[in-house]
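All remarks here apply to the structure that follows.
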Ligand SMILES: Nc1ncnc2c1ncn2[C@@H]1O[C@H](COP(=O)(O)OP(=O)(O)O)[C@@H](O)[C@H]1O
Ligand SMILES: [Mg+2]
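Residue numbers (the UniProt record's numbering): 1 to 259.
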């Protein structure tokens, strides 16, 4: 049995509102080993969310196969959790009940109810279980979404720009929290991000994608150990390489600029 996620020869087409066919993903081959942290990065429309939704089993490919631990992915399952940019908490439920909802939906609440408090504590919301989402900040709501996504112990957590709406400082705190939970819980994490620094700070591997058709252009290993200093030379070198791959590398100044 192959451990982790194996994606081979995946194509996904959509029909847009003008009735034209859009190739959201073309010939995707990717292997993601279990327990690793992978980021998907690339401009809007290159198929990042489509790839996550395929792994989640929310949609099916037109060609090719996806498998998790040797088992074909055909539909959503409790072995995969999902977290989005905007929290999807129910406004009429408390934070505790939002997290419990995930266990109730799977029919495992009765034997697992103690996990709700464990996970409230894990994400730093121990004293906020009885609050409603509108009473908490955006960062706290994302912590609650994270707890809800992982309370049923999925093998894989899929994150679609989870910190995109947060301010820069909250975002950096959340990145540290996510790394801590990733290490503690030994989960496979796959994150879509537009933020090059975030990708380098968190990931074992960074998958660079480009649009029309959506495809993988490069897979980079981030070779240096954690915790990573965001201003170290190796970090900046890696940043420069990714920005060049994304065509944001800038140009070299012409000699006539100098006297
Ligand atoms: N449900 C859909 N119907 C029609 N087109 C879609 C649908 N989902 C995605 N697309 C198109 O597929 C391409 C990839 O989309 P998406 O995966 O959302 O990209 P990204 O997340 O990288 O911004 C885009 O051109 C988008 O418009
Ligand atoms: Mg997207």
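We put the CB at the ideal spot given by N, CA and C, even for glycine.
- Distance from the CA of residue 74 to the CA of residue 154, rounded to the nearest whole angstrom, comes to 16 Å.
- Of the residues assessed, residue 119 falls on the buried side of the cut-off, its CB having 16 or more other CB atoms within 10 angstroms.
- A contact is defined here as three or more CB-CB pairs under 8 Å, and the region 39 to 57 meets this definition with respect to the region 74 to 86.
- Listed as beta-bridge partners of residue 136 by DSSP are no residues whatsoever.
- With a cut-off of 7 Å, the C-beta of residue 14 is classified as near ligand 1, since at least one heavy atom of the ligand falls inside that distance.
- Counting along the chain, residue 83 sits inside no alpha helix (DSSP H); it lies in the beta strand (DSSP E) bounded by residues 80 to 83.
- According to the DSSP assignment, residue 128 belongs to no beta strand (DSSP E), since it is labelled neither H nor E.
- The C-alpha of residue 4 lies about 6 Å from the C-alpha of residue 68.
- Within the same chain, 25, 28, 40 come within 7 Å of residue 51 by CB-CB distance, once the 5 residues on both sides are set aside.
- In this structure, the straight-line span from the alpha carbon of residue 105 to that of residue 90 is close to 14 Å.
- A distance criterion of 7 Å places the beta-carbon of residue 192 in contact range of ligand 2, judged by its closest non-hydrogen atom.
- For residue 191, the enclosing beta strand (DSSP E) has its first and last residue at 188 to 193.
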